[in-house]
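One structure is given here, and the rest of the page talks about it.
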Amino acid sequence: MNRRIRDKNSIYLDSWSLFKIMADFVKGYDDLEDVGAAVTVFGSARLKEETLCYQQAQEVGKKLADSGYSVITGGSFGIMEAANRGAKESSHAESIGLNIDLPHEQEGNHYLDRELKFDYFFVRKVMLVRYSLAYVIMPGGFGTMDELFEVLTLIQTKKSSPGAVILVGKDYWSKLFEFMETTMLEYGTINKKDLELISIVDDTDEVVKIVDNSLNAQLEAIKEMGLEDSNYGNMLKETQNNRCC
1 MNRRIRDKNS IYLDSWSLFK IMADFVKGYD DLEDVGAAVT VFGSARLKEE
51 TLCYQQAQEV GKKLADSGYS VITGGSFGIM EAANRGAKES SHAESIGLNI
101 DLPHEQEGNH YLDRELKFDY FFVRKVMLVR YSLAYVIMPG GFGTMDELFE
151 VLTLIQTKKS SPGAVILVGK DYWSKLFEFM ETTMLEYGTI NKKDLELISI
201 VDDTDEVVKI VDNSLNAQLE AIKEMGLEDS NYGNMLKETQ NNRCC
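Heads up, the sequence shown is in the numbering used here, so the first residue is 1 and it goes up one at a time.
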């Protein structure tokens with residue numbers, strides 16, 4: 001009898017969780033459908049304002065926004081704050097933070113034009129990828145590594161559009177890339193084509209050039225699918241036209 005009661009309660013709680021998960025997704029899709037051309041910046045929350053990485057991220061955010069690309073981050077501090085801060089300095093695009101509701105309130109950084117809060121980490125992660133045409137990966141820890149390899153896996157398996165993956169900071173990323181192009185290739189766990197998904201740069205102007213190329217590739221893919229006159233296609237074309245002027 002007690003077992004049956006527990007089973008019924010478990011089913012009830014599982015069903016209720018499904019509704020909460022769906023609500024989280026619906027909120028994200030509804031609130032972000034008008035974002036247009038956007039770039040997600042990942043990186044450590046631990047890096048402070050005085051570090052070169054923070055300053056580079058701020059510069060990247062400013063240059064991307066000046067070029068018409070909205071900047072999306074996890075909405076927290078460190079690199080995320082820096083990228084949002086740079087974007088906020090520009091009047092040409094939005095600074096967006098996708099934060100998470102935690103028992104002890106996680107306050108977003110103070111440089112956001114738009115902030116969304118999610119109940120579930122995995123929903124938030126989907127939204128960080130879903131609305132971006134390129135991904136800038138600044139130095140970070142396990143969380144940043146998780147986001148990097150998730151993005152690479154989605155693009156590799158064609159579950160996501162082929163957006164640019166840009167690692168900023170050759171000193172930080174070179175040994176990881178060396179591991180990929182030696183050990184991983186030697187074991188056959190990846191191939192050379194997979195490595196072509198990744199760009200490693202130091203120059204923030206190079207970041208914008210790669211994002212521009214990714215925008216053009218996205219528009220070509222949308223055109224091939226017959227969706228160039230969709231709302232998203234029109235927003236990307238508007239950004240492209242402004243970049244050409």
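Idealized CB from N, CA, C, for every residue including glycine.
In this text, all values refer to a predicted model and were calculated from it rather than measured experimentally.
Cross-strand partners of residue i (DSSP beta bridge)
| i | result |
| --- | --- |
| residue 114 | 96 |
| residue 79 | Answer is none; residue 79 lacks a bridge partner. |
| residue 132 | DSSP lists no partner for residue 132. |
| residue 73 | 97 |
| residue 222 | Its beta-bridge partners do not exist; DSSP assigns none. |
Residue from the options whose Cα sits closest to the Cα of residue i
| i | options | result |
| --- | --- | --- |
| residue 213 | 37, 30, 31 and 25 | 37 |
| residue 135 | 120, 237 and 80 | 80 |
| residue 88 | 133, 100, 57 and 107 | 57 |
| residue 70 | 48, 33, 45 and 77 | 33 |
| residue 91 | 68, 24, 110 and 101 | 68 |
| residue 46 | 20, 164 and 82 | 82 |
| residue 164 | 125, 123, 61 and 207 | 207 |
| residue 110 | 20, 85 and 101 | 85 |
| residue 203 | 159, 151, 39 and 52 | 52 |
| residue 39 | 153, 185, 22 and 62 | 62 |
| residue 233 | 193, 173, 150 and 131 | 131 |
| residue 120 | 218, 19, 183 and 222 | 19 |
| residue 173 | 199, 151 and 27 | 199 |
| residue 28 | 60, 129 and 59 | 129 |
| residue 35 | 93, 223 and 15 | 93 |
| residue 170 | 201, 151, 193 and 160 | 201 |
| residue 210 | 22, 23, 60 and 14 | 60 |
Beta-carbon contacts of residue i that lie in its chain and below 6 Å, excluding the five residues immediately before and after
| i | result |
| --- | --- |
| residue 17 | none |
| residue 137 | 42, 148 and 167 |
| residue 155 | 162 and 197 |
| residue 95 | 71, 84, 87, 88, 111, 112 and 113 |
| residue 117 | 99 and 101 |
| residue 64 | 39 and 71 |
| residue 31 | 116 |
| residue 1 | The pLDDT assigned to residue 1 is 44, lower than 50, so where the model puts this residue is not dependable; a value taken from the coordinates is nonetheless given after this. Around residue 1: no qualifying Cβ. |
Residues near residue i by beta carbon distance below 7 Å, same chain, minus five either side
| i | result |
| --- | --- |
| residue 181 | 195 |
| residue 215 | 37, 133, 236, 239 and 240 |
| residue 115 | 75, 97, 99 and 108 |
| residue 44 | 78, 79, 139, 140, 141 and 144 |
| residue 217 | 162 |
Proximal residues to residue i (C-beta, below 8 Å), its chain only, five neighbours per side dropped
| i | result |
| --- | --- |
| residue 242 | 68 |
| residue 25 | 123 and 126 |
| residue 48 | 54 and 78 |
| residue 221 | 161 and 162 |
| residue 150 | 125 and 129 |
Open item on the list: Just to confirm the assignment: which complete alpha helix (DSSP H) runs, minimum length 4, are found wholly within the segment 5 to 56?
Closed with: Segments of the alpha helix (DSSP H) lying fully in the segment 5 to 56: there are none.
Open item on the list: So within the segment 155 to 212, which uninterrupted beta strand (DSSP E) runs reach at least 3 residues, ignoring any that extend past its ends?
Closed with: Listed in chain order, they are 164 to 168 and 198 to 201.
Task: Stretch-stretch touch, CB-based, cutoff 8 Å, three pairs: the segment 223 to 230 with the segment 186 to 202 - done: The answer is no - the segment 186 to 202 does not touch the segment 223 to 230, with fewer than three Cβ pairs under 8 Å.
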